[in-house]
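Participant: After the structure tokens below, expect a handful of questions from me.
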Amino acid sequence: KQEVTQIPAALSVPEGENLVLNCSFTDSAIYNLQWFRQDPGKGLTSLLLIQSSQREQTSGRLNASLDKSSGRSTLYIAASQPGDSATYLCAVSPYNTDKLIFGTGTRLQVFP
Amino acid sequence: DAGVIQSPRHEVTEMGQEVTLRCKPISGHDYLFWYRQTMMRGLELLIYFNNNVPIDDSGMPEDRFSAKMPNASFSTLKIQPSEPRDSAVYFCASSQGLAWETQYFGPGTRLLVL
Chain A
130 KQEVTQIPAA LSVPEGENLV LNCSFTDSAI YNLQWFRQDP GKGLTSLLLI QSSQREQTSG
190 RLNASLDKSS GRSTLYIAAS QPGDSATYLC AVSPYNTDKL IFGTGTRLQV FP
Chain B
23 DAGVIQSPRH EVTEMGQEVT LRCKPISGHD YLFWYRQTMM RGLELLIYFN NNVPIDDSGM
83 PEDRFSAKMP NASFSTLKIQ PSEPRDSAVY FCASSQGLAW ETQYFGPGTR LLVL
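Those protein sequences? They're chains A and B, same order as listed. Under the numbering used here, the first residue of the first sequence is numbered 130, with each subsequent residue one higher. Under the numbering used here, the first residue of the second sequence is numbered 23, with each subsequent residue one higher.
What follows is the structure in structure tokens.
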């Protein structure tokens, strides 16, 4: 059974810091891995999608990497801003299923 | 497009009452998903549809939960009778083509069962 774990569960950093969020999964048989952002009281917004054949994806200050063989992904946020404060979730798409399996998320707070 | 639309945004009801949550997916999307989010269990997939047909309902917690998709632009999730442990945020999401492509989430319905 695929399990997705995110560390740390919560993170508080001062504005301007570069930071890394971690995601690990137990079964490497996946189509892709996605990172989502969830603001309080809101739905999820897809940030980056990495196909299983890819190593990384970048969007602005965000960079996500994927090491499928070791079951790990990282989301790197450069020069963090208070507006980055949210919960970040990773999710994998296992083979032979149309489902997404979500991690429990990392709650990020960036203070001025 | 307005994105995925869910109603109501908040629902407070008493134990034993019927609750109906509604979802309008993004036009042209073939897949529709219902999720439940709680502090204890995180985000769980309840059921999903492809072209209005339920594909996998293995996440539906029990027979009190049912979901329908009568057409491509509307889906309902019904709880009857509701119980306090059903209190959660329920999300609807849709995607185009293959289900493992980007899913677009609605704002959610926050349900409180007293």
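Positions of the beta carbon are idealized from the N, C-alpha and C atoms, including for glycine.
Fully enclosed by the region 43 to 88 of chain B, which beta strand (DSSP E) runs are 3 residues long or longer?
Facilitator: Here the runs fully enclosed are 53 to 60, 64 to 72, 75 to 78.
Participant: Grouping DSSP H, G and I as helix and E and B as strand, with all else coil, what is A/R190?
Facilitator: As a first step, residue 190 of chain A is located in the first sequence; it is residue number 61 there, counting from the start. Of the three classes helix, strand and coil, the one that applies to A/R190 here is coil, per DSSP.
Participant: Determine which residues share a DSSP beta bridge with B/E33 and list them.
Facilitator: Here residue 33 of chain B refers to the residue found at position 11 when the second sequence is read from its first residue. DSSP lists B/L133 as partners of B/E33.
Participant: For A/D156, does the three-state DSSP call read helix, strand or coil?
Facilitator: Numbered from 1 along the first sequence, position 27 holds the residue referred to as residue 156 of chain A. Assigned with DSSP and collapsed to three states, A/D156 falls in coil, not helix or strand.
Participant: Return the first residue and the last residue of the beta strand (DSSP E) that B/Y112 is part of.
Facilitator: Walking along the second sequence from the start, residue 112 of chain B turns up at place 90. Run containing B/Y112: 110 to 117, per the beta strand (DSSP E) assignment.
Participant: Of all the residues that make up the region 89 to 108 of chain B, which are near chain A by a beta-carbon distance shorter than 9 Å?
Facilitator: none
Participant: In angstroms with no decimal places, state the Cα-to-Cα distance between A/A158 and A/P223.
Facilitator: Counting from one through the first sequence, the residue named residue 158 of chain A turns up at place 29. Counting from one through the first sequence, the residue named residue 223 of chain A turns up at place 94. So the two alpha carbons sit approximately 6 Å from each other.
Participant: Using beta-carbon positions only, say whether A/V239 and A/V149 come within less than 8 Å of one another.
Facilitator: On the first sequence, residue 239 of chain A is found 110 positions in, with the first residue counted as 1. On the first sequence, residue 149 of chain A is found 20 positions in, with the first residue counted as 1. For A/V239 and A/V149, no; Cβs fall outside 8 Å.
Participant: According to the Cβ coordinates, are B/Y53 and B/F71 closer than 8 Å?
Facilitator: Working through the second sequence from its first residue, we reach residue 53 of chain B at position 31. Working through the second sequence from its first residue, we reach residue 71 of chain B at position 49. Contact flag set, yes.
Participant: So does A/L140 have its beta carbon nearer than 7 Å to some heavy atom of the ligand HEM?
Facilitator: Summarising the ligand content, the structure contains no ligands, and the ligand HEM is consequently not present.
Participant: For my contact list, A/Y205 and A/R166 are in at a C-beta cut-off of 8 Å; report their separation, rounded to the angstrom.
Facilitator: In the first sequence, the residue the question calls residue 205 of chain A occupies position 76. In the first sequence, the residue the question calls residue 166 of chain A occupies position 37. Wrong, their Cβ atoms sit about 14 Å apart, outside the cutoff.
Participant: Measuring only the C-alpha atoms, how far is B/R31 from B/I48?
Facilitator: As a position in the second sequence, residue 31 of chain B is number 9, starting the count at 1. As a position in the second sequence, residue 48 of chain B is number 26, starting the count at 1. Approximately 18 Å between the Cα atoms of the pair.
Participant: Please compile the residues from chain B whose C-beta is within a distance smaller than 9 Å of the C-beta of A/N218.
Facilitator: Your numbering for residue 218 of chain A matches position 89 in the first sequence. Per the sequence presented here, residue 218 of chain A reads as Leu, with Asn not at that position. Within chain B, G64, L65 have C-beta atoms less than 9 Å from the C-beta of A/L218, given in sequence order.
Participant: So A/A208 packs on A/R190, CB below 8 Å; how close in whole Å?
Facilitator: For the purposes of this step, residue 208 of chain A is identified with residue 79 of the first sequence, where counting begins at 1. For the purposes of this step, residue 190 of chain A is identified with residue 61 of the first sequence, where counting begins at 1. 6 Å between Cβ atoms; contact.
Participant: Could you have a look at A/R184 and say whether DSSP puts it in helix, strand or coil?
Facilitator: Here residue 184 of chain A corresponds to residue number 55 of the first sequence, with the count starting at 1. Note: A/R184 maps to coil in three-state DSSP.
Participant: How would you call A/Q163, buried or exposed, if buried means at least 16 neighbouring beta carbons within 10 angstroms?
Facilitator: Taking the first sequence and counting its residues from 1, one reaches residue 163 of chain A at position 34. Buried.
Participant: In terms of residues, what are the limits of the beta strand (DSSP E) holding A/R201?
Facilitator: Along the first sequence, read from residue 1 onward, the residue named residue 201 of chain A stands at position 72. Per DSSP, A/R201 belongs to the beta strand (DSSP E) from 201 to 206.
Participant: Just to make sure I have the definition right: I need the residues of chain A whose C-beta is within less than 9 Å of the C-beta of B/I77. Which are they?
Facilitator: For the purposes of this step, residue 77 of chain B is taken as residue 55 along the second sequence, with counting starting at 1. Taking a Cβ-Cβ cut-off of 9 Å, the neighbours of B/I77 in chain A comprise D227, given in sequence order.
Participant: Where B/V75 and A/G145 are concerned, what is the direct C-alpha to C-alpha distance, given to the nearest angstrom?
Facilitator: On the second sequence, position 53 is the one that residue 75 of chain B refers to. On the first sequence, position 16 is the one that residue 145 of chain A refers to. The alpha-carbon atoms of B/V75 and A/G145 are separated by roughly 48 Å.
Participant: What span of residues does the beta strand (DSSP E) with A/S141 cover, start to end?
Facilitator: Here residue 141 of chain A corresponds to residue number 12 of the first sequence, with the count starting at 1. In the DSSP assignment, A/S141 falls within the unbroken beta strand (DSSP E) covering 139 to 143.
Participant: Check each residue of the region 110 to 129 of chain B: if its Cβ is closer than 8 Å to any Cβ of chain A, include it; give the result in chain order.
Facilitator: F113, A115, L120, A121, W122, E123, T124, Q125, Y126, F127, G128, P129
Participant: Between which residues of its own chain and B/A94 is the CB-CB distance below 7 Å, once the five residues before and five after are set aside?
Facilitator: As a first step, residue 94 of chain B must be located in the second sequence, where it is residue number 72. Around B/A94, the same chain offers N74 as residues with beta carbons nearer than 7 Å, after the five sequence neighbours per side are excluded.
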